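Colleague:
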Amino acid sequence: MVSIKKIITRDKISTILFLIIPIVLVIIFIYICIIWNVVVSLSDWDGLRPSYDFKGFGQYQKLFTNEIFLTSLWNNIVLILIFVPGSLVMGLLLAILLDQKVRKENVFKLIYLLPFTLSFVVTGFLWRWMYNVRVGVLNTLLESIGLGFFRNDWIQNVDWAMFWVCVVLIWQYSGYMMLIFLAGIRSIPESQVMAAAVDGASGFQMYYRIIIPQLKAPIFTGFVLLLVFALKAFDLIFILTGGGPGYTTEILPLTMYKEVFRKKHFSYGSAIATILFLLIMIVVIPYLYKTYRREK
Amino acid sequence: MTNVIIKNLMKKYGKTVALMDVSLEIKEGEFFILLGPSGCGKTTTLMCIAGLIKPNKGEVRLGGTVLSSSESGEFTRPQNRDAAMVFQDYAIYPHMTVYNNIAFPLQIRGMNKSKVESKVRDVSQRLGISNLLDRKPKQLSGGQRQRVALARAMVRDPKIFLMDEPLSNLDAKLRVYARAELKKLHEDMGTTIVYVTHDQMEAMSLGDRIAILNDGVLEQVGTPEEIYENPKNLFVAGFIGNPPINLIEGTLIERNGKIIVEFGFSSYELSNGIEIMKKTKTPEIMLGIRPENITITKESRENAIQAEVEVIEPLGRENIFHLRVNDKPLIAVSITNRDLNVGEKVWISFDTNRIHIFDKISQKKIN
Amino acid sequence: MKTNKIGSKKKRLPNPKRVFLYFLLILFVFLTLLPLWSAVMTALKTQEALIYSNPIQPPIKPSLDAFGTAFNELRRPILNSLMFTILATLLSCVLGSMTGYALTKVKFRGANTIFLFIIIGIFIPYQAVLIPLVQIIIELGLWGEISGLILTHTAYGIPICTLLFKSFYDSIPDSLINAAKIDGAGIGNTYLHVVLPLSVTPFVVTAVFQFTQIWNDLLFGLVLTGAGVSQPASVALLNLQGGFVTAWNVQMAGTLWYTIPSLIVYLVLGKYLIKGFMTGAIKG
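Protein chains in written order, with the numbering used here: chain A, 1 to 296; chain B, 1001 to 1367; chain C, 2001 to 2284.
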């Protein structure tokens, strides 16, 4: 008979063995890297030779007086304001449509979700071709159906470029939002829908008064996920516009990349990265707290 | 003049038939029960009346107006049927307060605010839930939720109430009280109620008339007494009554000018055997006798059968005796017999007026 | 009471609402697939055909030239991508499974805290760790190597894989684990003999998810391999367009080549992906 003590020790060792690699990896690649990044942002590493002299918040001061950074920050906010509600609405719309007992529902689901599975690289090139001013898909399509006067310079347009970028993002993410909302709608017991029908609710009233108000949780989840995506959306913009025209579609992740990997302003870039990190944490921490609070 | 007329209702899902040619007439003000085991079609029928299910064939009328007809293709949506429904899980809206839940059917129809308020308060008071109006459903107990569901139905003053096993989610003790309250409510309001349940006790206690369904087929319609005393077929006889009716296989034969039911192990003389013989095609029958109509005696009697006492369930008010007659189990219930012992050999006789004879093949009652 | 006549039994007029519904659904299908359709059409055209036709029209004489050209450029990178994606996916799944198991079924104090500690990793912007990451990879001598990408993707995949497995393992009844315990199985054995055999679904879901994520990545590829021989397909696609004039047919062909593996995974195992997203959605 193995003693209880031995079993407990054996269990302890097993647990440690199971968790050691992942935890070490997470600590190094996530936590230590984040902290190190902050350290770099507080130094003055510029150019190819690392330099870790502590220089305080100088980089941050530079940031907040730098026009490019501020434009970038502003663009990020605009992106969020267009992209997040846009995707939520499209997702909800698609979910409601698919809730109508549609034949071949799974085929539609698969198609609508397809963009989400595409790499941003793919999406970037696809839509570059779509938005190409001279021979691109959209402009030539409009011409060929006689709506030639709707020809646009799309993402070359200084005022509207960001909007058209958001359209691409909404195209990419609506399917995913649709899934989340569909799951939410389907989790409402059918008896409530029947009761509402007997009570006199028409289709529209059913959704407006009964179903949508009960979608608070999925909407919240979707909102947080989209917000996080918006703040990470480097790949797409890198390929689609490179931040242009000018800096009208420049967003924080892109600015950071350019500063570090093109201009070699390491400390400056890491400061940008830190700001980005903090912005995301402001949204994520309360969300995680709310979701996982009960489990504690 | 509200009554419900259901004619030749048929509903099938793919190959499965949920309702087969069901026709019913429900009188105005009746408390009408749809009773049967799970899957018998009672809820489907209710949903057809509500308009939540569209029958493949047949007609539903309410107060003379056609609600749905497969012939003419008419179909009134549930929104427009003036029927209120209470669901088994109550289906109250979790994101609304009790007040808004009850007010919902009125608000949807555009009633003005003050009228809505007075009606809601009225109904809540009647059901004793006035103090709960500001609460949300998750703060309520099962019994309270059930009353909110009831209130929401009542607030509309509908022509008819449809109820789908509204008491089955309550715990046993609460159910007894709720049953009585429901009955009183019906007496006060007088509105027609169509009520679905699988609990025969509930059906017998609440119903003015009961319709028994089995596998989509209407087996019998009648008052509780009619159904109990005069079951039309084996299914109804076996379904109603607790403990259930005893059913014994037998053959009708003639002996010495009298008609006897031959059970094999013993026989039993039938008083009106000759009439019965005329009604059957084959002599194979089932004899049914309810537990309370079996008399147990220690001494032999005429036309009595010998039996052995196997198990006694002393229930205080009455005793249930599980007897065995030659390998066949029988159940008898007695208020009087108090001094029997397990293993004792006794004689049992049947109350002649309460015997049910069923044709074994057609399963129908023939006496 | 209002009644509406639908029409006689024999002739059923299509309900206008349903017609509109399907119209909308198909409109959205069109909007969703338009970019892909155009890409395919474009990739099948020769340079001249490109100039004279409209991108949506199918080519009169389809040509696989563009595909051939693109493939020559992308052959090595796609192989690279396949290699590190598959390996990193496997590693992520195994680690995610073990971690998910240890944090769900082994009840110890602090399990939940460690879980949250790991989960936060799902949300971090990679920019916040990019510079240190590159430094680490260079220090390890793995810059420009596929192994560097494998290590990176595995490490950053741990949070989401752990979450996916934990969601699944939460639904395994504890009684199963307890029964194994009583039978004498330790943590390792319980994992091998009880939990792992039940893990087919989460493995597939997580594998499909991770495969898609890793295959689609651009940032790490850019930063850890440059334009070298080990570059992933995503980076190579960037460099495909050379010179002043973009050969759109080649670019589109290249894009399609790049998409094909993940598209295949999606079409074959798509419902698992959907399952994975929906569990993630409900749990957050």
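We treat Cβ as the ideally placed atom computed from N, Cα and C, and that holds for glycine.
Predicted model, so just to flag it, every value in this text is computed and none were measured.
On the DSSP bridge assignment, give the partners of B/A1211 in chain order.
Modeller: Paired residues: B/L1034 and B/V1221.
Colleague: Within 10 Å of its beta-carbon, does C/K2166 have 16 or more other beta-carbons around it, so buried, or fewer, so exposed?
Modeller: When all chains shown are included, C/K2166 counts as buried.
Colleague: Cα separation between A/F163 and A/L231?
Modeller: Answer to the nearest angstrom: the Cα atoms are 16 Å apart.
Colleague: Just to check my reading of the structure: C/Q2213 and C/N2080 have Cβ atoms closer than 8 Å, yes? What is that Cβ distance to the nearest angstrom?
Modeller: Going by Cβ atoms, the distance from C/Q2213 to C/N2080 rounds to 17 Å, so no, they are not a contact pair.
Colleague: For A/R151, which option in A/T249, A/L142 and A/V260 has the closest C-alpha, if you only look at C-alpha atoms?
Modeller: For A/R151, the nearest C-alpha among the options comes from A/L142.
Colleague: Output needed in chain order: residues of the segment 2038–2052 of chain C with a Cβ under 8 Å from some Cβ in chain A.
Modeller: Listed by position, the residues of the segment 2038–2052 of chain C near chain A (Cβ gap below 8 Å) are S2038, A2039, T2042, L2050 and I2051.
Colleague: For the beta strand (DSSP E) containing C/P2016, list its first residue and its last residue.
Modeller: From DSSP, C/P2016 is part of no beta strand (DSSP E) but of the alpha helix (DSSP H) over P2016 to A2043.
Colleague: Using CA atoms only, rank isn't needed, just tell me which of A/I4, A/K6, A/S3 and A/I13 is closest to C/G2188.
Modeller: Considering only alpha carbons, the answer is A/I13.
Colleague: Looking only at its chain, what residues have a beta carbon closer than 7 Å to the beta carbon of B/L1067, apart from the 5 residues adjacent to it on each side?
Modeller: Contacts found: G1051, V1060, R1061, T1076 and R1081.
Colleague: Assign A/P253 to one of three DSSP states: helix, strand, or coil.
Modeller: Three-state DSSP puts A/P253 in a helix.
Colleague: Can you tell me whether B/G1014 is helix, strand or coil according to DSSP?
Modeller: B/G1014 falls in the coil class under three-state DSSP.
Colleague: Which bits of chain A does C/L2198 rub up against, with CB to CB less than 8 Å?
Modeller: Per Cβ cutoff of 8 Å: no residues; C/L2198 is ~17 Å from chain A at best.
Colleague: State yes or no: is the beta carbon of B/R1147 nearer than 8 Å to at least one beta carbon in chain A?
Modeller: So, not an interface residue.
Colleague: Ends of the beta strand (DSSP E) at B/M1163?
Modeller: Unbroken beta strand (DSSP E) run through B/M1163: I1160 to D1164.
Colleague: Considering just the uninterrupted stretch of the alpha helix (DSSP H) at B/H1198, what are its terminal residues?
Modeller: Here B/H1198 belongs to no alpha helix (DSSP H), and DSSP marks it neither H nor E.
Colleague: Mapping the DSSP letters down to three states, classify C/K2011 as helix, strand or coil.
Modeller: Because C/K2011 sits at a pLDDT of 46, beneath the cut-off of 50, its placement in the model cannot be relied upon, and the following sentence gives the value as read from the coordinates. Looking at C/K2011 - three-state DSSP - the assignment turns out to be coil, as it is neither helix nor strand.
Colleague: Within this structure, are the beta carbons of A/F125 and C/T2255 separated by less than 8 Å?
Modeller: Yes, Cβ-Cβ distance for A/F125 and C/T2255 is below 8 Å.
Colleague: Taking C/Y2258 as the query, report the chain A residues whose CB atoms sit under 8 Å from its CB, ordered along the chain.
Modeller: Ordered by position in chain A, the residues that pass the 8 Å Cβ test against C/Y2258 are S119, V121 and V122.
Colleague: Tell me which same chain residues have a C-beta within less than 8 Å of the C-beta of A/K64, skipping the five on either side of it?
Modeller: A small fix is needed here, since residue 64 of chain A is Phe in this sequence, not Lys. Closer than 8 Å at Cβ, skipping near neighbours: L70.
Colleague: Which residues does DSSP pair with C/V2265 in a beta bridge?
Modeller: Paired residue(s): none; C/V2265 is not in a bridge.
Colleague: When the Cα atoms are used, what is the spatial distance from A/L19 to C/I2086?
Modeller: C-alpha separation (whole angstroms): 23 Å.
Colleague: Check the Cβ of A/W36 against every Cβ in chain C and list those closer than 7 Å, keeping chain order.
Modeller: Ordered by position in chain C, the residues that pass the 7 Å Cβ test against A/W36 are P2132.
Colleague: Less than 8 Å between CB atoms is the rule here; does B/Q1220 satisfy it with respect to chain A?
Modeller: Not closer than 8 Å to any Cβ of chain A, the Cβ of B/Q1220 fails to qualify, so no.
Colleague: Below 7 Å, is the gap between the Cβ of B/E1229 and the nearest heavy atom of the ligand FAD?
Modeller: Absence of the ligand FAD is noted for the structure shown, with no ligands found whatsoever.
Colleague: At what residue ranges does the segment 114–171 of chain A contain a whole run of the alpha helix (DSSP H), taking only runs of 4 or more?
Modeller: Listed in chain order, the complete alpha helix (DSSP H) runs (minimum 4 residues) inside the segment 114–171 of chain A are 120–131 and 137–144.
Colleague: With a threshold of 8 Å between beta-carbons, can C/Q2231 be considered close to chain A, or not?
Modeller: By this cut-off, C/Q2231 is not an interface position.
Colleague: In the DSSP output, which residue or residues are listed as bridge partners for B/M1085?
Modeller: Answer by DSSP bridge pairing, in chain order: B/L1162.
Colleague: Would you please state the rounded distance, in angstroms, between the beta carbons of B/L1035 and B/L1019? I believe it to be under 8 Å.
Modeller: About 15 Å separates the two Cβ atoms, so there is no contact after all.
Colleague: Just how far apart, CA to CA, sit C/L2192 and C/S2234?
Modeller: Taking the straight line joining both Cα atoms gives about 37 Å.
Colleague: The alpha helix (DSSP H) with C/F2165 in it runs from where to where?
Modeller: From DSSP, the alpha helix (DSSP H) with C/F2165 extends over I2146 to D2170.
Colleague: Please decide whether A/K296 counts as near chain C, where near means a Cβ-Cβ distance under 8 Å.
Modeller: The predicted position of A/K296 is uncertain, since its pLDDT is 44 and thus under 50; no value can be drawn from it.
Colleague: Mind listing which residues of the segment 192–214 of chain A have their C-beta closer than 9 Å to chain B's C-betas, in chain order?
Modeller: Result list: Q192, V193, M194, A195, A196, A197, V198, D199, G200, A201, S202, Q205, R209, I210, P213 and Q214.
Colleague: Can you tell which of A/G146, A/M177, A/Y131 and A/I145 has its C-alpha closest to the C-alpha of A/D153?
Modeller: Per the Cα distances, A/Y131.
Colleague: Using a cut-off of 8 Å between C-beta atoms, extract the partners of C/V2029 located in chain A.
Modeller: The answer, in chain order, is F108, I111 and Y112.
Colleague: Is the separation between the beta-carbon of B/V1309 and that of B/V1346 shorter than 8 Å?
Modeller: Taking 8 Å as the Cβ cut-off, B/V1309 and B/V1346 qualify as a contacting pair.
Colleague: Is it a yes or a no for the segment 1315–1323 of chain B touching the segment 2018–2028 of chain C, going by three-plus beta-carbon pairs under 8 Å?
Modeller: Verdict: no, contact absent.
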